[in-house]
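Worksheet: the structure to be examined is printed underneath.
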């Protein structure tokens, strides 16, 4: 099925004006299909157009009272001819439930056999469960009716009313784009609340109801609503506000107005770290931001998705830090989100935050990445700091007022900021939004202070407003604000701001508060002083800036990864942030141990440092939990790990998920096999247990072929089980077992786009790329796959990312000995 192009979308938006949707769903059948009827009223200025529908069977199409030939359906498009000034279109179709997280997803809970459904309409998915004009700038109000089993409840964008046993009506909505229309139906557990006149609701599977932390979720929701109402002139505009935790979700969450859907992996079955709980709160706050940025005012085409995602990402961290009960949000942004974006911006697949609208809808899905989220958010953070809130929020609110329930693009947003008093934004937009890539900021010590320098690979003149921090091992610290408008600026001490620590024993950190977007490089003296000084730096965000610089320098083969391991061991005893410990351990697992450095040689020092840290952490703390997880993943002491089943360290709760982590590691060590996996699944018969078991079975040396076949050829496997199996497949300690599959990736992965669609195609390719095979012989097949235009764009994008990482790993190994 061909994808919608921006040119086609512009023409259809010019030709049509939608009046309303009336959609009737019949979910009472026993099979894997359901029936939907869409009645769409619309005006037309052209005699021809088309409606989007992707059915198993098209039942009937009627236009202005006339039946049309259903055989005219072609590639998901049904042609419409003879359109009048006002039109009434009725399309009835039998459609298939989805297992890939797109369309109307149907999932059976392994815990109790209950069936749950939910709708996911993001790019190209809406026509998989209701006929529609599928593009973001054709908005209309929706009225929905549903027939379903009598024990089900129904939720959606409008308030739900049960009109008869097994029959429901959803109230008419405000004008919505197709991509955030949803339907949720099943025997969901519900909790209701209210805040400031807004009806609130939470829902999840019955088997997870004891883990639905309503107090925490409602508290975050209330706090965020109050702050958003303070910041924006518009109150929340979409009536009820439901947050539904659904199974087999392929993202973190989706901002459907009135009925946000979340992955139910965010309902913690055991103890969670404070970092995990704060991440969940930020996801809640992120989706709430979309009620204004994305839902109230929507982009015209996907090239301006940053107007949705970058704003929501920025506001999520800002509002979470300023108004919710969770702290450390900007530290998390630096360690996790910004690191993601920095890697993306240095990849071959980088792109501007706001690119020209050249990509079709399917290709645009690939750009939901570290640029559209993290880089865009960092750019907005820099802009808000530069302009000040008075100007920034004045422009933002003018934008929301001018385009409510409609669509807008980048020039219209810039015009509102300019009218609010922002200077020279055309130049700012060109440099920060229309240009890919990033500058490098360095410091040079002088006799009188330091010189801050900027270099740009493309000659850009991006303005940076940042702070330079100087630190000593005795916890002395100085911050000096700098505006870097030229290639360099000298920072000299003053009577009120002496540059304490700029001597030979200190560490000088450009962008110490993480205010701009750039590669940061520390001078040689600072790098040499880090083992002594880093543990004494009290600000977690500054430590994240330093670690991002170190990690980036390692990836660029500028800093020996063995020195990075030594720095980790030196800094870990004093690190008090579970965000930092978790992020750094993931980096070491994903990038350093087994890729930049020999697996066994690098694994030992990491495990030793974590074992010492675990012995020194407070029992029952977040630090203890995140450290224990890291130790489980890196230790080769099978006897120690087995002993935890009989008695784990004091304060560490051996819940179901931690037990599965132990099983997985013991499988990889060869100490456990299929018998132990089956026994653990017998203890944990939940859907989550099934997913964990799939991960563990894929880790079995003799389970590789079965896992490969399921991942590459089975369209029925659910999203979370699929991704779990992919996560379990590769490991640097199993090079011999996985060697036969390395080159098979380049032939077999392309076929996955034939059995799945949407986000999961790229996620599968990302996880199944042979990331631990550091071999120059893989460059040629990777290049061939990337160059094959017949291959799905998401597969090609993820293969390009794999190739970037492969080349980096080869360069690091060549540069540094002792690998």
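Residue numbers (the UniProt record's numbering): 1 to 819. No residue lacks a Cβ here, since even glycine has one placed at the ideal position from N, Cα and C. What you are looking at is a predicted structure, and each value in this text was computed from that prediction instead of being measured.
Contacting residues, own chain, Cβ-Cβ under 7 Å from residue 151 (five flanking each side not counted): As a first step, residue 151 is located in the chain shown; it is residue number 151 there, counting from the start. Take residue 151, set aside five residues on each side of it, and the residues of its chain with a beta-carbon closer than 7 Å to its own are 187, in chain order.
Distance, residue 156 Cα to residue 295 Cα: Mapped onto the chain shown, residue 295 falls at position 295. Mapped onto the chain shown, residue 156 falls at position 156. Taking C-alpha positions only, residue 295 is separated from residue 156 by approximately 14 Å.
Local Cβ density within 10 Å of residue 818, reported as buried at 16 or more and exposed below that: Residue mapping note: residue 818 aligns to position 818 of the chain shown, counting from 1. Here the model assigns residue 818 a pLDDT of 48, short of 50, so the residue's position is not dependable, and the following value carries that caveat. Residue 818 is exposed by the Cβ-count criterion.
Exposed unless 16 or more other CB atoms sit within 10 angstroms - verdict on residue 149: The residue labelled residue 149 in the question sits at position 149 within the chain shown. Its Cβ having fewer than 16 others within 10 Å, residue 149 is exposed.
Runs of beta strand (DSSP E) lying entirely within the segment 3-88, each at least 3 residues, in chain order: Within the segment 3-88, the complete beta strand (DSSP E) runs of at least 3 residues are 16-26, 33-44, 49-52, 57-63 and 77-80.
Limits of the unbroken beta strand (DSSP E) element including residue 490: Translated into the one-based positions of the chain shown, residue 490 becomes position 490. Unbroken beta strand (DSSP E) run through residue 490: 488-491.
8 Å Cβ shell around residue 795 - same chain, five flanking residues per side excluded: Counted from its first residue, the chain shown places residue 795 at position 795. Contacts found: 749, 750, 752, 753, 761, 762, 765 and 785.
Nearest-angstrom Cα separation, counted from residue 380 out to residue 388: Here residue 388 is taken as the residue at index 388 of the chain shown, counted from 1. Here residue 380 is taken as the residue at index 380 of the chain shown, counted from 1. So the alpha carbons of these two residues sit roughly 11 Å apart.
Exposure label - residue 645; buried when at least 16 CB within 10 Å: Here residue 645 corresponds to residue number 645 of the chain shown, with the count starting at 1. Looking at its Cβ environment, which holds fewer than 16 other Cβ atoms inside 10 Å, residue 645 is exposed.
CB contact flag (residue 729, residue 694, <7 Å): For the purposes of this step, residue 729 is identified with residue 729 of the chain shown, where counting begins at 1. For the purposes of this step, residue 694 is identified with residue 694 of the chain shown, where counting begins at 1. Cβ atoms of residue 729 and residue 694: not closer than 7 Å.
7 Å Cβ cutoff met for residue 224 and residue 288: Position 224 of the chain shown holds residue 224. Position 288 of the chain shown holds residue 288. Cβ distance < 7 Å, so residue 224 and residue 288 count as in contact.
For residue 358, the three-state DSSP class (helix, strand or coil): Sequence index remark: in the chain shown, residue 358 carries index 358 (1-based). If DSSP states are grouped into helix, strand and coil, residue 358 belongs with coil.
Exposure of residue 885, with buried meaning 16 or more beta-carbon neighbours within 10 Å: There is no way to answer for residue 885, as the model of the chain reaches only from 1 to 819.
Residue range of the alpha helix (DSSP H) that includes residue 515: Within the chain shown, the letter at position 515 stands for residue 515. No alpha helix (DSSP H) contains residue 515, which DSSP labels as neither H nor E.
Rounded separation between residue 68 and residue 461 - CA only: Translated into the one-based positions of the chain shown, residue 68 becomes position 68. Translated into the one-based positions of the chain shown, residue 461 becomes position 461. Taking the straight line joining both Cα atoms gives about 58 Å.
The segment 593-606 touching the segment 247-261, judged by at least three CB pairs closer than 8 Å: Below 8 Å, too few C-beta pairs join the segment 593-606 and the segment 247-261 to call them touching: fewer than three.
Alpha helix (DSSP H) runs contained entirely in the segment 613-686, provided each spans 4 or more residues: Along the length of the segment 613-686, whole alpha helix (DSSP H) runs at least 4 residues long occupy 622-634, 638-643, 656-668 and 674-683, reported in chain order.
DSSP state of residue 199 mapped onto helix, strand, coil: The residue labelled residue 199 in the question sits at position 199 within the chain shown. Three-state DSSP puts residue 199 in a strand.
Beta carbon of residue 93 nearer than 7 Å to that of residue 40: The residue given as residue 93 occupies position 93 in the chain shown. The residue given as residue 40 occupies position 40 in the chain shown. Going by beta carbons, residue 93 and residue 40 fall outside the 7 Å limit.
Residue 792 - containing alpha helix (DSSP H), residue span: In the chain shown, the residue the question calls residue 792 occupies position 792. That residue, residue 792, is in no alpha helix (DSSP H); it is neither H nor E in DSSP.
Best match in 589, 558, 544 and 80 for proximity to residue 571 [C-alpha to C-alpha]: In the chain shown, counting from the first residue as 1, residue 571 sits at position 571. Here the closest residue by C-alpha is 544.
Beta-carbon separation (whole angstroms), residue 267 vs residue 211, contact threshold 8 Å: Your numbering for residue 267 matches position 267 in the chain shown. Your numbering for residue 211 matches position 211 in the chain shown. Beta-carbon to beta-carbon, residue 267 and residue 211 are separated by about 4 Å, close enough to satisfy the 8 Å threshold.
Opening and closing residue of the beta strand (DSSP E) in which residue 381 lies: Here residue 381 is taken as the residue at index 381 of the chain shown, counted from 1. That residue, residue 381, is in no beta strand (DSSP E); its alpha helix (DSSP H) goes 376-387.
C-beta atoms of residue 508 and residue 482 nearer than 7 Å: As a working note, residue 508 is residue 508 in the chain shown. As a working note, residue 482 is residue 482 in the chain shown. In terms of Cβ geometry, residue 508 and residue 482 do not form a close pair [threshold 7 Å].
Residue 725: first and last residue of the uninterrupted alpha helix (DSSP H) it sits in: Along the chain shown, one-based indexing puts residue 725 at 725. Note, residue 725: alpha helix (DSSP H), 719-729.
Proximity test, residue 86 beta-carbon vs the ligand SAM heavy atom, cut-off 6 Å: Within the structure as shown, the ligand SAM is missing, as the structure has no ligands at all.
Spatial neighbours of residue 20 in its chain, beta-carbon cut-off 6 Å, leaving aside the 5 residues before and after: Residue mapping note: residue 20 aligns to position 20 of the chain shown, counting from 1. When the five nearest sequence neighbours on each side are left out, the beta carbons in the same chain lying within less than 6 Å of the beta carbon of residue 20 are those of 41, 140 and 141, in order along the chain.
Limits of the alpha helix (DSSP H) - the one that residue 533 falls within: For the purposes of this step, residue 533 is taken as the residue at position 533 of the chain shown. Residue 533 -> alpha helix (DSSP H) spans 524-533.
Residue 28 vs residue 118 beta-carbon contact at 7 Å: In the chain shown, the residue the question calls residue 28 occupies position 28. In the chain shown, the residue the question calls residue 118 occupies position 118. Not in contact: residue 28 and residue 118 (Cβ atoms no closer than 7 Å).
Segment contact flag, the segment 518-532 with the segment 558-573, C-beta cutoff 8 Å, min 3 pairs: At 8 Å Cβ cutoff, the stretches touch.
Whole-Å CB distance - residue 161 paired with residue 169, under 8 Å assumed: Your numbering for residue 161 matches position 161 in the chain shown. Your numbering for residue 169 matches position 169 in the chain shown. Their Cβ separation, rounded to whole angstroms, is 5 Å, which keeps residue 161 and residue 169 in contact under 8 Å.
Buried or exposed by the 16-neighbour rule on C-beta atoms within 10 Å, applied to residue 685: As a first step, residue 685 must be located in the chain shown, where it is residue number 685. When all chains shown are included, residue 685 counts as exposed.
Chain-order list of residues whose beta-carbon lies under 7 Å from that of residue 452 (same chain, five-residue window excluded): Reading the chain shown from its first residue, position 452 is the one you call residue 452. The residues are 441, 443, 468, 482, 484, 488, 489, 491 and 510.
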